[in-house]
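K.L.:
Let me begin by handing over the structure; questions about it come next.
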């Protein structure tokens, strides 16, 4: 979906749906559909312009005497924003339980839980008459290894059975997934199964959009097929929506099952342990950014979206390969906020080989980059607000501009026998990533009540894991560098590459 399918005024009105969406909801819920313009078709041109601009900028700064001062100034600005985020005081989990918000016979709400991060008095004390209706949604294709375990998990939640429904969207599976789901439907009355036709388009976004009109929940929870969640997660997660009306979505911390659940034979695998550090880093960075008014992001698995917020931005975008990253921008551009909680986590399988990691991260990098190309005009107009726009700019520089600029910087430095121009930003990135990963690991340890017998367990081992995680994260430089170049030269593509789940 291009940026020009959005309203161009300064108000946060409902966003128009692209004609590729197949929703049949009520007219008052969403705006009238409008056709896609040429914005999406120009992705390759935009990518080429950005790639050329970065290369020319690096070449130019190498040719002028004051080029290094520009980089030092940029590094200082980035450092100030990163330090501000690093020192933020985030909300790590809900300070109240759902039960404390449900009206007692006296009509008064009773606070039952507290958090050192946010006191209940700082929230809008809200009493609700009924338990919110929730819809759990999973798009599954050839998931016979994990689908039964997932369904049993989701159908056994600590939540009133008449207040939530489970929708499994079978995306034309060719293995035993349909048969397993058919058997499970006889056992669980809240389980609904939707069979997509062979050749149905839109990937995961298309599957979710197709079922959305049939769902009843006020809140929509999206899981991957390999997800596992603790039974009381709704009790812990929903209060943030009921106490803060501008929260449009919540992302639960993603945890790698092979590393965090005892007994896995794949524990200790370099790629698995790297993903564990990566997810802890990601959760920490998101929480710190949110704490200072920056961007919270969705991660696909374990995301909870308010239905009204979803309707405001027109459903899931079927013209992207990463529905969660695209939805992140659209929610913020619509005036909604996104939170990220450490507790409860959602467990998922980590990939165990370099090839699988390469394919998965290429898709993530391409989808993440697509959204900047699609919505850059609205971002430049400060539609999100100054704090979010500045936050987004700093992390775009770190995540996408730096890996792209590193190539011409290296080539020119070798050719002209001079130091690398981007060294200050590289040093800043190293320390920020290592110390953020360290704090993310420590935050998880403290949240789980883990005790420590000595200094090594408390700080030495986490620091070693953070350094190991940084080495692992170097693959992002290669992935992002190749993706930005490929998108600039090769024809556009919408290719959903499935990550195979083993169910181990």
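In our numbering, the protein residues as written are 217 to 720.
Note that beta-carbon positions come from the ideal geometry of N, C-alpha and C, so glycine has one too.
Rounded to the nearest angstrom, what separates residue 576 and residue 674 at their Cα positions?
P.N.:
32 Å
K.L.:
Taking the alpha carbon of residue 296 as the reference point, which residue from 508, 690, 492, 455 has its own alpha carbon closest?
P.N.:
508
K.L.:
Mind checking residue 461: buried by the 16 CB within 10 Å criterion, or exposed?
P.N.:
The residue is exposed, with fewer than 16 neighbouring Cβ atoms inside 10 Å.
K.L.:
Along the alpha helix (DSSP H) that carries residue 591, what are the first and last residues, could you check?
P.N.:
570-596
K.L.:
What are the start and end residues of the alpha helix (DSSP H) that includes residue 381?
P.N.:
From DSSP, residue 381 is part of no alpha helix (DSSP H) but of the beta strand (DSSP E) over 380-386.
K.L.:
Relative to the alpha-carbon of residue 435, which residue among 524, 400, 472 has its alpha-carbon at the smallest distance?
P.N.:
Each of 524, 400, 472 was checked against the Cα of residue 435, and the nearest Cα belongs to 524.
K.L.:
Determine the contact status of residue 376 and residue 347, defining contact as a CB-CB distance below 8 Å.
P.N.:
yes
K.L.:
May I ask you to report which of helix, strand or coil DSSP gives residue 470?
P.N.:
strand
K.L.:
Would you tell me roughly how many angstroms separate the C-alpha atoms of residue 678 and residue 262, rounded to the nearest one?
P.N.:
41 Å
K.L.:
Residues in its own chain within less than 8 Å of residue 181 by CB, not counting five upstream and five downstream?
P.N.:
As shown, the chain starts at 217 and ends at 720. That puts residue 181 outside it, with no answer to give.
K.L.:
So for residue 289, helix, strand or coil by DSSP?
P.N.:
helix
K.L.:
If contact is defined by three or more beta carbon pairs under 8 Å, each pair taking one atom from either stretch, is the stretch 560-580 in contact with the stretch 470-486?
P.N.:
yes
K.L.:
Are the beta-carbon atoms of residue 301 and residue 510 separated by less than 8 Å?
P.N.:
For the 8 Å CB-CB criterion, residue 301 and residue 510 form a contact.
K.L.:
Using the three-state DSSP reduction, which class does residue 649 fall into: helix, strand or coil?
P.N.:
helix
K.L.:
I need the straight-line Cα distance from residue 447 to residue 562, nearest angstrom please.
P.N.:
11 Å
K.L.:
Span of the alpha helix (DSSP H) holding residue 681?
P.N.:
677-689
K.L.:
According to DSSP, is residue 355 helix, strand or coil?
P.N.:
strand
K.L.:
Nearest to residue 547 by CA position, among 586, 600, 640, is which residue?
P.N.:
600
K.L.:
Is it true that the CB of residue 454 sits closer than 8 Å to the CB of residue 549?
P.N.:
no
K.L.:
Between the alpha carbons of residue 276 and residue 612, how many angstroms are there, rounded?
P.N.:
21 Å
K.L.:
What would DSSP say about residue 550, mapped onto helix, strand or coil?
P.N.:
coil
K.L.:
What is the DSSP secondary structure of residue 312, counted as helix, strand or coil?
P.N.:
coil
K.L.:
Considering only DSSP beta bridges, list what residue 555 is partnered with.
P.N.:
466
K.L.:
Could you check if residue 700 is buried or exposed, using at least 16 other CB atoms within 10 Å of its CB as the buried criterion?
P.N.:
buried
K.L.:
Helix, strand or coil, according to DSSP, for residue 373 in the structure here?
P.N.:
coil
K.L.:
Counting Cβ pairs, one atom from each stretch, are 3 or more of them under 8 Å apart for the stretch 530-548 and the stretch 486-505?
P.N.:
Taking a contact to require three or more Cβ pairs closer than 8 Å, the stretch 530-548 and the stretch 486-505 do not qualify as touching.
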